[in-house]
Amino acid sequence: MANARPFRAGPLALTTSAANILNPPAVSGGVNGGSPALAYRIRHIHVVNRTGTAATFSLYIGATAGSASGTEVAGSGRSVPANGVIDVYYPNLRLVAADFLTGLASANSTLTITVVGDIEAV
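To convert, note that position 22 of the sequence shown is 22 in the UniProt record's numbering; the numbers rise steadily by one, no gaps.
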């Protein structure tokens, strides 16, 4: 991890339909060697409820726009209090090119998510 660089994804509004939040790029070919495959190491997920009513969220790691049972990674219906925040910390949650961090909320545009971590070559 000596060459890891910090990243931030978001802030992004969560909706009632599962949507992609984060996905590492795959190796791309082309002239002059392309670029290396990258991995994201998520360190912190911050969820803000900007409304006066409690709302829930669920986060998944799996297929694009996925929300399949058994792929929950954080939140699985976790409630965020009215005008409150939830912080989830990970020592080493790693995503590679085939992994999508996806999520949804109980109501549209109530919750905003920000993801922070490191990018590194695979």
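We put the beta carbon where it would ideally sit given N, CA and C, even for glycine.
Note to self: Since ILE45 and ILE113 should fall inside the 8 Å C-beta cutoff, what is the C-beta to C-beta distance between them, to a whole number of angstroms?
What the structure shows: Between ILE113 and ILE45 the Cβ distance is about 7 Å, and since that is below 8 Å, they are a contact.
Checklist line | C-alpha gap between ALA37 and LEU111, whole angstroms | finding: Between ALA37 and LEU111, the C-alpha separation is close to 31 Å.
Check: When you compare only the Cα positions, how much space is there between ALA13 and GLY117?
Finding: A direct Cα-Cα distance of roughly 19 Å separates ALA13 from GLY117.
Margin query: Using the Cβ count rule (16 or more neighbours within 10 Å means buried), how would you classify TYR40?
Written below: Looking at its Cβ environment, which holds 16 or more other Cβ atoms inside 10 Å, TYR40 is buried.
Item checked: Identity of the residue in PRO11, ASN83, SER76 nearest SER58 by Cα -> The option with the nearest alpha carbon to SER58 is SER76.
Check: Where do the N-terminal and C-terminal ends of the beta strand (DSSP E) with THR112 fall, by residue?
Finding: Its beta strand (DSSP E) spans residues 111 to 121.
Checklist line | Cut-off 6 Å between Cβ atoms - residues of its own chain near ASN23, not counting five sequence neighbours on either side | finding: Cβ neighbours of ASN23 beyond the five flanking positions: PHE100.
Check: Do you know whose CA, among ALA82, GLY70, VAL88, ALA63, lies nearest LEU95's CA?
Finding: Ranking ALA82, GLY70, VAL88, ALA63 by Cα distance to LEU95 puts ALA63 first.
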